[in-house]
Structure formats: structure tokens, C-alpha cells
Ligand code: SF4
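In my numbering, the protein residues as written are -8 to 344.
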């Protein structure tokens, strides 16, 4: 049998199973495979077919996730499997995420961690496709990663369950939850193939209440169809009300890809309007992403308005925080976890097999 028996599932009568790894909660008869294409019912047990199958492995700066308030400048060994529980028509990684084949290099959790160590990584990112669908493999990697003093981070669509969040709590240190199109329900249905974005909001609350995972929020702003300022404000208010003013939020620029090649890239002015809404709502750390050189890539001290972390794309160019991560100009505490990594100056863009 390829893969390994999953943990997150329930057995049902007549050898059926119900997967609890994501909010789709697929029920499968014997021989059936879930929507993600990588979990299926084999002889009345749910199998994770991609356990130990790594389709992509890169060393990235953590800023690429994007995460800016957790161990800035650190290097992450980023891995993915095939498959995904979302069907995003704009997916930049569609060759991985929408592939419904069990492919990839054979890697045990020990080998994943050793590859990260060999490349001087500070952590492991589970990314490119939705990591909750292969969470049992990620968990086994993550537990060993902790033994080697590496952190674990998910780049997730947040379409999770109480069961998957509970498992995240066993090994995950950080997560960036990626909203798309401001979580506007029509956009979610039409361009993602998901009936309702509500489980993403529910998962965030579950993560807040049941774990100690560092959270950041991302929103991919898609021109014409996923750029509603009304929904952007709703999203920002949710973040402010539930997580407070210090939660980082990143508005990402869409680029045409996959089945949405006829769309333009998001106008920078649209992203700036989103940023203005976040600030109006009271969020102190709002960023633009995929706009290299834009002044809203930087971290500004909300007290004195000086730039405390100056960035260009994924690189850190200037660091004006003291040993306690306080602003060097006014000593305001900036909510960044960890020191500036010694890796921040290295050439971090290379493929690793
Ligand atoms: S992880 Fe896959 S099999 Fe499980 S509920 Fe989600 S889409 Fe279905």
C-alpha cells in the first residue's frame, strides 16, 4: 500500500470513512478518494497516499510565505505534496496542487528534517499546496524538527476543522492563513469551488483559543471579482475584533495564472485602498505583498511612524529594533517574535532536492 493510514478520520458503517482533516469532511466508500485526491478509503481505512512523497522542496526566506512578524530573515525549507482541498482558478502552484497523482521524491520525516538542517534552515514550511490535507506527514516531520530546534510553519487556506487544529497544536509554531478575494462568498464559490468561507473564520478562532500558534493573515486581492472593499472591511473588522490591533495582515497582489490568464494584475491603487481600510479599522501592521519596492512593504512603528524594518520584496534591508524588539527611535514594543536571523543576508533563492 502506498502511503500510510491517516489519523484524522472516522470509521462509518459498511466500511465507509469520513475524513476530518479539512472542512470538506469527505465521506468515502471503499475505493473512493477524497476531493483533494490524496486521501482515500482502502479496505475501510483512510489512507494518506502522499505520506513520504515530497513533490517540491525549496529553501525560502520566511518573508516569502508571507510572514513578517516571526523570526524575520530566517530560512525555511519548504515542502509540498501533490493535491489540494481548494480548486483555485488562479493558483500559481496548480501543477502541484491540482495534480491528482501520487508523485514526488520518497522522503521519510527524518530525511525531510535532515535536508532542512543540511541547508542551514531555521524551520520547515509546509506550503505550496494546502498542508492540512497531509497533516499526519507534516506532524511527523514537525515533531522531529523540534528535536533539532527548527520551527514549523503552515501556509494554509484555513479551511480546517477542530480535529486538524488540535493536531496542529502538537507541532506547529506559526501559520499564515490565506484568505482570497476578501472572503467574499460569491468569489469563494465561483473561483475556489468552496461553498462557504465561514470555516476559515471558525478555524482562526479555534487556533486562537486552543493553541499557542503565531498567526498572520493574508488576503489575495483579485481585480474585478475579488476586490470588494465592503468585504475587505468586514474581514479587517473580524481580525481587529477577534485578534486585536497588532495582528499582521498582508494584502497580496494577484498575477494572472492557470485558468485566469485573461485577468490583469491587481492595480497597486486597489491594494493601497485595502491597506487604508485596515488602518482605518485600527490594524497597526498592514502590508502589501508582491509589490517589490512599495513603501508599504516596511514595518512602521505605530507610535513614532519611523520605519523599523525596511524591506525590499523578501529581503530585509534595515533593522531598527533593539534587543527587546522595541523601536530604536521611541522604544515602543513591536510585536515581532524572535531576533533578526543571521541568515537574513544570504542568497536564499535556490532549489534543493
Ligand atoms: S482533506 Fe481531502 S479527503 Fe479529507 S475532507 Fe478535505 S478534501 Fe476531503
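Quick reminder that beta carbons are idealized off the backbone N, C-alpha and C, glycines included.
Residues lining the ligand SF4 by the Cβ criterion, that is a Cβ closer than 5 Å to any of its heavy atoms, are 10, 12, 13, 15, 17, 25, 26, 27, 30, 76 and 124 in chain order. The beta carbon of residue 202 sits closer than 7 Å to the beta carbons of 156, 159 and 160 from its chain, once the five residues preceding and following it are set aside; these are given in chain order. The beta carbon of residue 69 sits closer than 6 Å to those of 49, 51, 116 and 118, all from its chain and outside the five residues before and after it, given in chain order. Separation of the CB atoms of residue 327 and residue 34 is rounded to 49 Å, and the pair is thereby denied contact status at 8 Å. With a cutoff of 7 Å on beta-carbon distance, residue 316 and residue 307 are scored as not near each other. Counting only residues of its own chain and dropping the five nearest sequence neighbours on each side, residue 14 has a CB closer than 7 Å to the CB of 150, 151, 152 and 190. In chain order, 227, 228 and 231 place their CB closer than 6 Å to the CB of residue 272, counting only its own chain and leaving out the 5 sequence neighbours on each side. Secondary structure note for residue 47: its beta strand (DSSP E) is the uninterrupted segment 47 to 52. With a cutoff of 7 Å on beta-carbon distance, residue 213 and residue 245 are scored as near each other. In this model, residue 277 and residue 12 are separated by some 30 Å (Cα to Cα). By the criterion of at least three beta-carbon pairs nearer than 8 Å, the region 100 to 111 is not in contact with the region 77 to 87. In this structure, DSSP gives residue 311 a state outside helix and strand, which the three-state scheme calls coil. DSSP, read as helix, strand or coil, puts residue 243 in strand. Collapsing the DSSP output to three states places residue 208 in a strand. If you draw a straight line from the Cα of residue 275 to the Cα of residue 264, it comes to about 15 Å. For residue 167, the enclosing beta strand (DSSP E) has its first and last residue at 165 to 171. With the rule of 3 Cβ pairs closer than 8 Å, the region 166 to 173 does not count as touching the region -5 to 2. By the beta-carbon neighbour count (other beta carbons within 10 angstroms, threshold 16), residue 130 is buried. Taking a C-beta distance under 7 Å as the contact criterion, residue 55 and residue 305 qualify as a contact pair.
For the beta strand (DSSP E) assignment, the uninterrupted runs of no fewer than 3 residues enclosed by the region 221 to 305 are, from N- to C-terminal side, 240 to 244, 277 to 280 and 298 to 303.
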